[in-house]
Amino acid sequence: SPFVLVASVAVFLTATANLTFFDKISQTYPIADNLGFVLTIAVVLFGAMLLITTLLSSYRYVLKPVLILLLIMGAVTSYFTDTYGTVYDTTMLQNALQTDQAETKDL
Numbered sequence: 118s119p120f121v122l123v124a125s126v127a128v129f130l131t132a133t134a135n136l137t138f139f140d141k142i143s144q145t146y147p148i149a150d151n152l153g154f155v156l157t158i159a160v161v162l163f164g165a166m167l168l169i170t171t172l173l174s175s176y177r178y179v180l181k182p183v184l185i186l187l188l189i190m191g192a193v194t195s196y197f198t199d200t201y202g203t204v205y206d207t208t209m210l211q212n213a214l215q216t217d218q219a220e221t222k223d224l
């Protein structure tokens, strides 16, 4: 069913696209002392992922393309975060979306 697919993608993105985030959380708040807090963060993050994936893929015909796009974006951002320590924010997203053809040729 579509909801199981969306929920599976949300679980996958929560678990794999946020490894650095969970690593930093566990360093700052040791799991042995803060298990409830760390689990709450994971559940809230999963809820946000589920909400976003549900809203973006609410139509049957766009479900799979949107989920594929989210998985690719999650993989790319996770790779750069894990490899280079890059932190993504709204300014970085705006800069990426405003890049024109001349700027890409300079890369």
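When we follow my numbering, the leftmost residue of the sequence shown carries the number 118, and every step to the right adds one. Ideal Cβ placement from N, Cα and C applies to all residues, glycine included.
{"Check": "From F163, L122, T198 and L186, residue whose alpha carbon lies closest to that of K141", "Outcome": "T198"}
{"Check": "Three-state class that DSSP yields for Q218 in the structure shown", "Outcome": "helix"}
{"Check": "contact_flag[the stretch 154 to 172, the stretch 192 to 208] where n(CB pairs < 8 Å) is 3 or more", "Outcome": "no"}
{"Check": "Counted within 10 angstroms of its Cβ, other Cβ atoms place V126 as buried (16 or more) or exposed", "Outcome": "buried"}
{"Check": "Euclidean distance between Cα positions of F120 and E220", "Outcome": "40 Å"}
{"Check": "Residue of Y205, S118, T137 and F163 minimising C-alpha distance to F129", "Outcome": "F163"}
{"Check": "8 Å contact criterion, which S174 and L184 should meet: CB distance rounded", "Outcome": "6 Å"}
{"Check": "For Q144 and T207, the rounded distance between their alpha carbons", "Outcome": "25 Å"}
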